[in-house]
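The structure appears below as structure tokens.
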Amino acid sequence: MTVAELEKLRNVGILGQGGSGKTSLGEAMLFGAGATQRLGKVVDGTSVLDHEPEEIKHHISISTAFHSLSWKRFPITIVDTPGYAAFIADTINSMRAFRGAVFVLNPSVGLRVESEQLWAQANADGVSRLFFVNKMDHEQGDVEQRIAPLLETLGAKAVYLQLPIGVEAGFRGVVDLLSMKAFLYEGESGKCAETAIPGDLQGAAEEMREKLVEDVSETDDELLEKFLDGKELSNDEIKQALRNGIRERKIFPILFGSATRQIGIAQLLDAVADYLPSPIDEGEVEAKRPSSGETVKRKQDPDAPFSAYVFKTISDPFAGKLSVMRVISGKIASDMSCLDVNKQSREKIGHMFRLEGKKQEAVKEAFAGEIVAAAKLKEVTTGDTLCDEKAVLQFEGPAHFSPVISFALEPKSKADEEKVPQGLHRMMEEDPTIALHRDEETRDFILSGMGQQHIEIIVEKLKRKYSAEVVLKAPKVPYKETIRSSASAQGKLKKQSGGRGQYGDTWLKVEPLPHGAGFEFVDQIVGGAVPRNYIPAVEKGVREALLSGYLAGYPVVDVRVTLYDGSYHDVDSSDMAFKIAASMGFKNAVEKAKPVLLEPIMNMAVTVPDECMGDVIGDLNSRRGKVLGMDTKGHTQVIKSRVPMSEVLKYAPDLRALTSGRGEFQMEFSHYEELPAHLAEKVIKEAKARKTGEQEGEHKV
Ligand SMILES: Nc1nc2c(ncn2[C@@H]2O[C@H](COP(=O)(O)OP(=O)(O)OP(=O)(O)O)[C@@H](O)[C@H]2O)c(=O)[nH]1
Ligand SMILES: [Mg+2]
Numbered sequence: 031m032t033v034a035e036l037e038k039l040r041n042v043g044i045l046g047q048g049g050s051g052k053t054s055l056g057e058a059m060l061f062g063a064g065a066t067q068r069l070g071k072v073v074d075g076t077s078v079l080d081h082e083p084e085e086i087k088h089h090i091s092i093s094t095a096f097h098s099l100s101w102k103r104f105p106i107t108i109v110d111t112p113g114y115a116a117f118i119a120d121t122i123n124s125m126r127a128f129r130g131a132v133f134v135l136n137p138s139v140g141l142r143v144e145s146e147q148l149w150a151q152a153n154a155d156g157v158s159r160l161f162f163v164n165k166m167d168h169e170q171g172d173v174e175q176r177i178a179p180l181l182e183t184l185g186a187k188a189v190y191l192q193l194p195i196g197v198e199a200g201f202r203g204v205v206d207l208l209s210m211k212a213f214l215y216e217g218e219s220g221k222c223a224e225t226a227i228p229g230d231l232q233g234a235a236e237e238m239r240e241k242l243v244e245d246v247s248e249t250d251d252e253l254l255e256k257f258l259d260g261k262e263l264s265n266d267e268i269k270q271a272l273r274n275g276i277r278e279r280k281i282f283p284i285l286f287g288s289a290t291r292q293i294g295i296a297q298l299l300d301a302v303a304d305y306l307p308s309p310i311d312e313g314e315v316e317a318k319r320p321s322s323g324e325t326v327k328r329k330q331d332p333d334a335p336f337s338a339y340v341f342k343t344i345s346d347p348f349a350g351k352l353s354v355m356r357v358i359s360g361k362i363a364s365d366m367s368c369l370d371v372n373k374q375s376r377e378k379i380g381h382m383f384r385l386e387g388k389k390q391e392a393v394k395e396a397f398a399g400e401i402v403a404a405a406k407l408k409e410v411t412t413g414d415t416l417c418d419e420k421a422v423l424q425f426e427g428p429a430h431f432s433p434v435i436s437f438a439l440e441p442k443s444k445a446d447e448e449k450v451p452q453g454l455h456r457m458m459e460e461d462p463t464i465a466l467h468r469d470e471e472t473r474d475f476i477l478s479g480m481g482q483q484h485i486e487i488i489v490e491k492l493k494r495k496y497s498a499e500v501v502l503k504a505p506k507v508p509y510k511e512t513i514r515s516s517a518s519a520q521g522k523l524k525k526q527s528g529g530r531g532q533y534g535d536t537w538l539k540v541e542p543l544p545h546g547a548g549f550e551f552v553d554q555i556v557g558g559a560v561p562r563n564y565i566p567a568v569e570k571g572v573r574e575a576l577l578s579g580y581l582a583g584y585p586v587v588d589v590r591v592t593l594y595d596g597s598y599h600d601v602d603s604s605d606m607a608f609k610i611a612a613s614m615g616f617k618n619a620v621e622k623a624k625p626v627l628l629e630p631i632m633n634m635a636v637t638v639p640d641e642c643m644g645d646v647i648g649d650l651n652s653r654r655g656k657v658l659g660m661d662t663k664g665h666t667q668v669i670k671s672r673v674p675m676s677e678v679l680k681y682a683p684d685l686r687a688l689t690s691g692r693g694e695f696q697m698e699f700s701h702y703e704e705l706p707a708h709l710a711e712k713v714i715k716e717a718k719a720r721k722t723g724e725q726e727g728e729h730k731v
């Protein structure tokens with residue numbers, strides 16, 4: 031690809047909450063641009079983007095899908111992402127592949143927490159966005175009024191580029207406020223005619239255009255001056271300012287349409303080509319030089335040395351393991367070799383593919399800015415940087431996700447005993463949010479994931495792909511631990527009797543960090559109290575201690591650990607000794623820092639007939655739930671509440687009993703809160719009992 035071609039390339043994410051119509055929109059874009067021969071539909075399983083059997087069965091996207099199209103000579107790669115909370119980890123990882131996106135809104139449903147999370151992530155990743163208000167054929171009343179609070183929640187400075195024509199079944203097209211033309215669609219054919227603005231919309235359109243021009247001019251000083259002087263701005267000037275404003279993420283334009291009725295699609299594709307950035311516009315990408323830790327920048331230039339970031343792994347039944355990467359600079363070609371910086375291993379590139387929905391198209395090379403999948407790389411996993419051995423750099427790794435729910439899996443038969451962990455380990459290559467360990471007491475496999483639906487789908491896939499069958503048993507609560515105050519302590523290992531001794535000595539300070547901050551390690555050693563080469567071992571020791579917890583064996587989160595002093599021995603010190611000393615020091619410090627247990631709290635929406643409302647609320651209260659509010663929908667009530675996960679592990683049968691089978695509920699992870707003391711005591715006691723049980727078990731063998 032030449033620079034001129036790169037300038038036209040658009041990698042476009044389709045983002046938004048579950049069920050907003052992203053996949054349907056992707057299908058409409060593909061069909062509208064002639065990339066597919068018929069319009070794929072999610073509901074009847076003909077989508078080329080939602081092509082996995084589980085996606086077809088449940089009518090939801092589980093994994094990010096890719097497809098290219100060509101629109102007015104712009105090569106566009108669409109990246110259709112999942113929107114439901116249980117699957118958005120893949121969306122967040124895939125966000126590294128694009129810097130432009132269509133953010134789908136569905137005002138009649140309102141904004142769910144996933145939309146907010148995706149919006150925040152797109153802000154953090156510097157993704158330019160267009161809003162597409164979908165399902166306009168379904169939208170009632172005054173959309174503008176419904177959209178305003180959504181924009182406010184997202185904190186987005188939005189500008190209307192269009193006005194919708196007609197509502198609900200009468201929705202027929204859009205008025206373009208720049209060209210001041212109307213685009214009227216013929217039924218559901220996707221065919222559109224350019225016409226004059228319908229008379230009844232003329233006044234509103236003029237008013238909205240004025241607002242658009244004002245808002246856009248505010249993003250550019252020169253233009254603003256002209257505007258304030260009362261001078262007329264040309265469409266080209268407005269467009270250029272709009273383009274800059276969008277790319278700099280100062281403004282977010284709003285477009286309207288209907289994916290399933292193919293309305294507004296051509297205008298959306300025009301806007302993608304006009305306003306979203308190409309890899310050249312994205313400019314340089316930050317990375318680190320692994321040898322020195324120094325920050326470097328790499329230009330997204332096909333002539334620069336090769337570098338790429340692997341953001342996704344697919345285990346394909348035919349092609350084997352596929353490492354899906356965004357080429358950042360240079361080019362990658364079959365038969366070349368490169369360095370996996372994270373694994374410090376050399377990889378030889380073999381077959382490469384461009385992903386086209388469920389199909390793969392073999393390619394021989396790919397250039398800066400492109401998304402490409404390489405088959406059967408030996409050691410590469412998601413999050414790795416691949417690069418030219420002579421120009422080494424490392425891009426920031428993937429986000430870390432903590433599983434929110436765990437279930438015990440019991441293999442159905444003896445043969446499944448082996449097949450289950452094998453299959454799950456293969457699936458973990460694709461899905462970094464799956465965690466697996468074995469419960470030493472019960473010998474059950476404990477499978478952790480991002481939500482009940484996630485776990486259920488893993489189990490379905492396990493059966494389909496690896497013919498391994500399991501029975502799901504009651505979930506376990508993923509408690510966490512943290513500290514409430516700061517403390518310092520020493521961790522010292524000194525064994526110097528006979529043979530080679532062991533000596534490591536560390537002074538560590540632990541401090542609480544805000545919720546969700548995770549873990550930070552700070553090295554404050556001056557004057558070599560702990561020699562440089564042992565510091566990674568100290569961090570490793572702390573990380574291991576973090577995982578095994580202090581109070582009840584649950585991972586410790588939201589702490590900063592500072593290594594500020596220590597001592598060493600010329601002969602007896604080793605990585606191992608410092609690792610152990612650090613882990614002792616960490617435990618000693620945590621002990622003094624008011625450790626507490628945290629429990630996961632769920633957002634629950636329970637829909638019940640009016641007459642059951644009292645019972646259901648009473649029951650939620652008895653489960654330590656907090657009722658947040660109520661929505662009336664006809665003769666049903668939607669009760670919104672926050673409830674600790676431990677209280678609703680088996681809510682489904684209880685709700686059925688309370689409502690004679692007429693109640694429904696949706697539940698998703700919200701946040702962690704401190705577990706009340708009397709319950710914490712119980713959890714700690716149980717953990718201790720488990721531990722002594724294990725130790726006794728060990729003694730028996
Ligand atoms: N009436 C109407 N329904 C639509 C429209 N777009 C999508 N739908 C329906 O909305 C439902 C969800 O559509 P999807 O395209 O699967 O939504 P999604 O955002 O991809 O969902 P996830 O990927 O699971 O988050 C399906 O039943 C679609 O047929 C639209 O413009 N109008
Ligand atoms: Mg989808």
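Basically the numbering used here = 1-based index in the sequence shown + 30.
Where a beta carbon is used, it is the ideal one built from N, C-alpha and C, also for glycine.
Every value quoted in this text rests on a predicted model; they were computed, and no experiment measured them.
Checklist entry - Hey, is K87 close to ligand 1, as in C-beta under 7 angstroms from one of its heavy atoms? => result For K87, the CB stays at least 7 angstroms from every heavy atom of ligand 1.
Checklist entry - Is the closest heavy atom of ligand 1 to the C-beta of K342 under 7 angstroms? => result Shortest gap from the CB of K342 to any heavy atom of ligand 1: 7 angstroms or more.
Item to check | Cβ contact check for the segment 58-69 and the segment 286-298: 3 or more pairs under 8 angstroms | outcome: Taking a contact to require three or more Cβ pairs closer than 8 angstroms, the segment 58-69 and the segment 286-298 qualify as touching.
Next on the checklist: Distance check for V302 and V586, CA to CA, integer angstroms please.
Outcome noted: Straight-line Cα distance between these residues: approximately 44 angstroms.
Checklist entry - Given M125, which residues of its chain have a CB within under 7 angstroms of its CB, disregarding the five upstream and five downstream residues? => result Closer than 7 angstroms at Cβ, skipping near neighbours: G43, Q151, A152, D155, V157.
Checklist entry - Assuming V340 contacts S353 under a Cβ cut-off of 8 angstroms, what Cβ separation, rounded to an integer in Å, is found between them? => result Yes, they are in contact, since the Cβ atoms of V340 and S353 sit about 5 angstroms apart, within 8 angstroms.
Next on the checklist: What does the alpha-carbon distance come out to for the pair R174 and S91?
Outcome noted: Just to set this straight, residue 174 is Glu in the shown sequence, not Arg. About 28 angstroms.
Checklist entry - Contact between the segment 605-621 and the segment 530-543: three or more CB pairs below 8 angstroms? => result Result yes; three or more Cβ-Cβ pairs closer than 8 angstroms.
Next on the checklist: The alpha helix (DSSP H) that contains Q151, what's its start and end?
Outcome noted: Counting along the chain, the alpha helix (DSSP H) containing Q151 begins and ends at 143-154.
Checklist entry - beta strand (DSSP E) containing I358: first to last residue? => result Where I358 is concerned, the enclosing beta strand (DSSP E) stretches over 350-359.
Item to check | Status (buried if at least 16 other CB within 10 Å, exposed otherwise) for E426 | outcome: By the neighbour-count criterion, in which 16 or more other beta carbons inside 10 Å mark a residue as buried, E426 falls on the exposed side.
Next on the checklist: DSSP three-state label for D365, please.
Outcome noted: D365 falls in the coil class under three-state DSSP.
Checklist entry - Under the rule that 16 or more other beta-carbon atoms within 10 Å means buried, what is S219, buried or exposed? => result Exposed is the call here.
Checklist entry - CA-CA distance, R653 and R291? => result Distance between the alpha carbons of R653 and R291 is about 45 angstroms.
Next on the checklist: Less than 8 angstroms between the beta carbons of L593 and Q532, yes or no?
Outcome noted: Q532 sits away from L593, with the two beta carbons spaced by 8 angstroms or more.
Checklist entry - How would you label Q452, buried or exposed, when you count the other beta carbons within 10 angstroms and need 16 or more for buried? => result Around the C-beta of Q452, fewer than 16 other C-beta atoms lie within 10 Å, and the residue is accordingly described as exposed.
Next on the checklist: Is K71 a contact residue of ligand 2, with contact defined as CB to any heavy atom under 7 angstroms?
Outcome noted: No, the beta carbon of K71 sits no closer than 7 angstroms to any heavy atom of ligand 2.
Checklist entry - L538 bridges to which residues according to DSSP? => result Beta bridge pairing from DSSP links L538 with A519, L593.
Checklist entry - When DSSP labels each residue in this structure, what does A627 get in the three-state scheme? => result Sequence inspection shows Leu at residue 627; the Ala mentioned does not correspond to that position. DSSP places L627 in strand when its eight states are reduced to three.
Next on the checklist: Between L502 and L439, how many whole angstroms is the CB-CB distance? I'm expecting something under 8 angstroms.
Outcome noted: So it is a contact: roughly 6 angstroms between Cβ atoms.
Checklist entry - Buried or exposed: where does R202 fall if 16 or more other Cβ atoms within 10 Å of its Cβ makes it buried? => result Classification for R202: buried.
Next on the checklist: My output table needs one value for L58: the three-state DSSP class, helix, strand or coil.
Outcome noted: Rather than Leu, the amino acid found at residue 58 in this sequence is Ala. A58 falls in the helix class under three-state DSSP.
Checklist entry - Taking the alpha-carbon positions, what's the E386 to A403 distance? => result Rounded to whole angstroms, E386 and A403 show a C-alpha spacing of 11 angstroms.
Checklist entry - Around ligand 2, which residues pass a check of Cβ closer than 5 angstroms to any of its heavy atoms? => result My final list is K52, T53, S91.
Checklist entry - Which residues in the same chain as A289 place their Cβ atom closer than 6 angstroms to its Cβ, once the five residues preceding and following it in sequence are excluded? => result Taken in chain order, the residues that qualify are G51, S54, L55, A58, N164.
Checklist entry - By Cβ distance below 7 angstroms, which residues in the same chain neighbour A421 in space, the five residues on each side in sequence not counted? => result The residues are P335.
Checklist entry - Can you tell me whether DSSP reads M457 as helix, strand or coil? => result Helix at M457.
Item to check | Rounded C-alpha distance that separates G48 from L650 | outcome: Taking the Cα positions, G48 is about 26 angstroms away from L650.
Checklist entry - Hey, how far is the Cα of V626 from the Cα of A582? => result Each residue's Cα considered, the two are about 10 angstroms apart.
Checklist entry - Cβ-heavy atom distance between Y190 and ligand 1 below 7 angstroms? => result The closest heavy atom of ligand 1 lies 7 angstroms or more from the beta carbon of Y190.
Checklist entry - Taking just the CA atoms, how far does K280 sit from T249? => result Computed Cα separation, rounded: 7 angstroms.
Checklist entry - Taking the C-alpha atoms as reference points, what is the distance between A119 and I106? => result One C-alpha to the other measures close to 24 angstroms.
Checklist entry - Where E37 and P309 are concerned, what is the direct C-alpha to C-alpha distance, given to the nearest angstrom? => result Using only the alpha carbons, I get a separation of about 7 angstroms.
Checklist entry - Of all the options V556, D266, S603, which has the alpha carbon lying nearest to the alpha carbon of A567? => result It is S603 whose Cα lies nearest to the Cα of A567.
Checklist entry - Can the beta-carbon of V489 be found closer than 8 angstroms to that of P441? => result Not a contact, by the Cβ cut-off of 8 angstroms.
Checklist entry - Beta-carbon separation of Q629 and V507 under 8 angstroms? => result Reading off the sequence, residue 629 comes out as Glu, not Gln. Yes.
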